[in-house]
RNA sequence: CGGGAGAUGGCUGAGUGGUCGAAAGCGGCGGUCUUGAAAACCGUUGAUGGGCAACUAUCCGGGGGUUCGAAUCCCUCUCUCCCGGCCA
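In this note's numbering, the protein residues as written are 127 to 538.
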């Protein structure tokens, strides 16, 4: 959620920063004027309420003294109506304001480059060199192993669902276990959470109200399948005031993720790149504001080192303003090399949302005497499915076999 | 899913219509005593928003209603606990 106070007090600055995200400026103007109107109306309402409270107390006193109450009673009744009217007005304005404000994306960090889309993202560095092959490397769906069962996955549900069998299934589980252990060694506590979340939870992390179409909703219930573990894990501490000694909280979580992929018809229809359900090991951190940049770097390093340990060539990319997600103030994507496609593709995405999610989810900590909003960060440790097929493509041999990376051997 | 009980401040727990934002105890903080600590004793201590401040509004699970006035009465939703059914 946008900081309305900041918008009121420093409008030009906020507008300028949000230009990077192509936000409709008239919406910002509207938010500002509505919020000022709200403030005015609230002041009037409060004064009326104060009057009402004082007179109500008098009523009790008069009653004891046996005084005539009729006049006071009618005064109170009249005032009551005024209060009620103003109160509904205030509530309406508040609702209007929160609806508009909740659709405004986060303010990009200073360090985020200008740009419209993916083309303007900036490569930070490359790690490891892509492998060379003495033969033409295949894409994962062409590899002659029975690890991925696309047809039967579709039979069970619909397109964009895949079943794993045999070594494929086992490798997926090995990856999950390996990643969780890897993260735990770096100080991320493992958590396990529900894959179904309610509306408040999805609103806290910013998926709702704007992106309901991307979510699978349970029929007849106000519940949704989670699109990422970020949602439940970040919301673990929703509506809480944390003790400063608890921070930073660093967590890692394996979950299945469910996405409708509504806007991506025709993209990545082959193979396991883009699925309605996929496994992911996630990193989530909750920090003091002054620590969040450090923790962000730690999370990026954690994901990058994980790829390195698996021997997978990858690069780090800083997203530009136009490509940044709704809740993110800053995002670094990790892209792994796919020999079959001859290109890098996203396998992890680490974001710092600053206090954007914290304000929505009301996650705060006590600092001295004051309550302050935390910063929340999230990132894929790695998307398991994409890691699986990256291993398949990068470790394929001319005879059609696939070598298992040595770090995974003890997990197989 | 059926039957019963309940939801109050950091915790335990009183409070059934009028200075109740809420007794008491615990905990926390400050102090006395002590070489230091414990114990004892004294004092203090809810949250959020607005305001430089005085102050003020809101909050007793959520929402709605009755009333001049609701923690207290009514409706509704959610959640928790106990009994039964079902079940990994």
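All C-beta atoms in this analysis are idealised placements derived from N, C-alpha and C, irrespective of residue type, glycine included.
Looking only at C-alpha atoms, which of the options sits nearest to residue i?
i	options	result
residue 149	160, 183, 219 and 242	242
residue 229	484, 235, 327 and 127	127
residue 474	444, 466 and 314	444
residue 158	172, 140, 346 and 173	140
residue 232	333, 215 and 276	333
residue 456	173, 363 and 239	239
residue 479	422, 174 and 252	422
residue 220	273, 259, 156 and 304	156
residue 515	253, 293, 184 and 170	293
residue 321	351, 312, 309 and 327	351
residue 328	526, 382 and 343	343
residue 511	522, 357, 330 and 287	287
Could you tell me the distance, in whole angstroms, from the CA atom of residue i to the CA atom of residue j?
i	j	result
residue 418	residue 406	23 Å
residue 454	residue 426	15 Å
residue 245	residue 237	17 Å
residue 142	residue 134	14 Å
residue 208	residue 452	40 Å
residue 202	residue 176	12 Å
residue 280	residue 477	32 Å
residue 113	residue 518	In the structure as shown, the chain begins at 127 and stops at 538. Residue 113 is therefore absent and cannot be evaluated.
residue 302	residue 212	56 Å
residue 390	residue 460	21 Å
residue 371	residue 360	18 Å
residue 195	residue 206	16 Å
residue 435	residue 256	14 Å
residue 368	residue 470	40 Å
residue 376	residue 411	4 Å
residue 353	residue 404	9 Å
So, is residue i buried or exposed, given that buried needs 16 or more other C-beta atoms within 10 angstroms?
i	result
residue 486	buried
residue 162	exposed
residue 130	buried
residue 297	buried
residue 190	exposed
residue 482	buried
residue 388	exposed
residue 278	exposed
Span of the alpha helix (DSSP H) holding residue i?
i	result
residue 157	151-191
residue 357	356-361
residue 134	130-135
residue 215	196-227
residue 383	Here residue 383 belongs to no alpha helix (DSSP H); instead the beta strand (DSSP E) covers 375-384.
residue 430	418-435
Could you check where the beta strand (DSSP E) with residue i kicks off and where it finishes?
i	result
residue 493	489-493
residue 299	Careful: residue 299 lies outside any beta strand (DSSP E), inside the alpha helix (DSSP H) at 293-311.
residue 413	403-413
residue 464	456-464
residue 516	From DSSP, residue 516 is part of no beta strand (DSSP E) but of the alpha helix (DSSP H) over 510-520.
Pull up the CB-CB distance for residue i and residue j, whole angstroms please, since I reckon it's below 8 Å.
i	j	result
residue 472	residue 379	In fact, because the Cβ distance is near 20 Å, the residues do not count as touching under 8 Å.
residue 307	residue 325	Rounded, the Cβ-Cβ distance is 34 Å, inconsistent with contact.
residue 339	residue 386	7 Å
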